[in-house]
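**Q**
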Amino acid sequence: MTDPAPTPPTLIRQMADTGPRLRIAGAFFLLVALGFALAPYFSENLSFAFYAMLWVVMASALNIMAGFTGYMPFGFVAFYGVGAYAAGVCIKSYGLPVGAGIVAAVVAGMVLSLLFSPTLRLRGVYFGIVSLALATVCRLVIINLPSEITGGSGGLMLAASNDPRASYFAMLGLLVVTLFIVLWLSGSRLGKLLRAIRDDADAAEVLGVNVGRARLKAWVITAALAGAAGGIEAWYTNVIDPEAAFNVLVSAKSIVYAMAGGFGTIVGPVVGALALLGIDDLIWQRFPLLNMLLLGLLILGLITFAPHGLVGTTVKRWPTLRRYIA
104 MTDPAPTPPT LIRQMADTGP RLRIAGAFFL LVALGFALAP YFSENLSFAF
154 YAMLWVVMAS ALNIMAGFTG YMPFGFVAFY GVGAYAAGVC IKSYGLPVGA
204 GIVAAVVAGM VLSLLFSPTL RLRGVYFGIV SLALATVCRL VIINLPSEIT
254 GGSGGLMLAA SNDPRASYFA MLGLLVVTLF IVLWLSGSRL GKLLRAIRDD
304 ADAAEVLGVN VGRARLKAWV ITAALAGAAG GIEAWYTNVI DPEAAFNVLV
354 SAKSIVYAMA GGFGTIVGPV VGALALLGID DLIWQRFPLL NMLLLGLLIL
404 GLITFAPHGL VGTTVKRWPT LRRYIA
């Protein structure tokens, strides 16, 4: 099928004036990026800021599939892990520059998304379970590749390329790119098509939307961002371990952070990631022995009293704010 001629009712509703919302979201993103850009000049400990940027990128990337398109990829970690290994192999095993390794991480994520694209025919929990199984397969494949290339079960050490400050600014660059893509997608025709597919894929297809093509575009964008995040994080830590690179908690954290802010919103994943990371750090400093318990209770309370996330619930409770909050 070709792209739509008639416009679905969902798209008509979403073609309302999004100008103020996008401008406010853009200003918010600019402040977030500026804050991270200035952080190295006011703090010697870049670790917290680096991982805050990492989780903002991961949550925002996942939101493109889960929030905009309605597909929850529990195996999202596969793109992150493959990106980390693509960068590590290029830098460590083949002696290529770090820049080439990060480009390889992006390409690896995109290639893997194309290999996994047949799973997009599945829906709901079936898609989530299959994507999780494929992530496990990726981990096993990496472990069983020749150890002189991937390091086997022991992973890779990239000590020679150690440059925490440069990798920090590389993650900052990825953050800016990710937020720009989310902002562009929110106001673009593709973003409107993805929301129509999320609301009712069958109706959208009947009205002429090329559902498969639109979903694949979102899938590739999501994978490219996650792959880049994995590659830059591998450069920052200088250690790539198959158990950590393909740990299901990477998917779980990305989902929780995006959900905390609000799936399908523009600023939600950023707000959710920053809020939960800040609270987690505060709890860890004051109550280290109760950290996991208190954080778990916080997430449980958030799901119970704000099921659409901080941003989503706010907009749902006060509909007039839709003009300004996206």
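If you read the sequence shown in our numbering, its first letter stands for residue 104, the second for the next number, and so on. Glycine included, C-beta positions come from ideal geometry on N, C-alpha and C. Keep in mind it's a predicted model, so treat the numbers as computed, not measured.
1) Going by DSSP, what residues sit across from I369 in a beta bridge?
2) Excluding five sequence neighbours on each side, which residues of the same chain lie with their C-beta closer than 7 Å to the C-beta of T110?
3) Taking the continuous alpha helix (DSSP H) assigned at I284, which residues delimit it?
4) Let me know the secondary structure DSSP gives T417 once reduced to three states.
5) Buried or exposed: S256, going by 16 or more other Cβ atoms within 10 Å of its Cβ?
6) For V135, which residues from the same chain have a beta carbon less than 7 Å from its beta carbon, with the 5 sequence-adjacent residues on both sides left out?
7) Between the Cα of N148 and the Cα atoms of G178, P267 and L282, which residue gives the shortest distance?
8) Residues in its own chain within less than 8 Å of V233 by CB, not counting five upstream and five downstream?
9) On a Cα-Cα basis, can you pick out the residue from G334, M213, I406 and G191 that is closest to F366?
10) For a test of the three-state rule: what should DSSP assign to L424, helix, strand or coil?
11) In three-state DSSP terms, what is V342?
12) Using three-state DSSP, classify M156 as helix, strand or coil.
13) Here's the rule I'm using: 16 or more other beta-carbon atoms within 10 Å means buried, otherwise exposed. How should V309 be labelled?
14) Can you tell me the Cα-Cα spacing of A361 and L413, whole angstroms?
15) Please go through the segment 192 to 245 and give each complete alpha helix (DSSP H) segment of 4 or more residues, from N-terminal end onward.
16) Please confirm whether F219 and L248 have their CB atoms less than 9 Å apart.
17) Comparing alpha-carbon positions, which option in I358, G364, A331 and G404 lies nearest G204?
**A** Inspection of the coordinates gives the following:
1) Beta-bridge pairing links I369 to no other residue.
2) With a pLDDT of 45 at T110, under the threshold of 50, the predicted position of this residue should be treated as unreliable, though the coordinate-derived value follows. Same-chain partners within the cutoff: there are none.
3) Under the DSSP assignment, I284 falls in the alpha helix (DSSP H) whose first and last residues are P267 to G290.
4) Helix, per DSSP.
5) S256 is exposed by the Cβ-count criterion.
6) Cβ within range, chain order: V373.
7) Selected option, being the one with the closest Cα: P267.
8) Take V233, set aside five residues on each side of it, and the residues of its chain with a beta-carbon closer than 8 Å to its own are G178, T222 and L225, in chain order.
9) Comparing Cα-Cα distances from F366 to each of G334, M213, I406 and G191, the minimum goes to I406.
10) Note: L424 maps to helix in three-state DSSP.
11) Looking at V342 - three-state DSSP - the assignment turns out to be strand.
12) Assignment of M156 by DSSP, reduced to helix, strand and coil, places it in the helix class.
13) Exposed is the call here.
14) Those two C-alpha atoms are separated by around 10 Å.
15) Listed in chain order, the complete alpha helix (DSSP H) runs (minimum 4 residues) inside the segment 192 to 245 are 201 to 218.
16) Taking 9 Å as the cut-off, the Cβ atoms of F219 and L248 do not count as close.
17) Per the Cα distances, A331.
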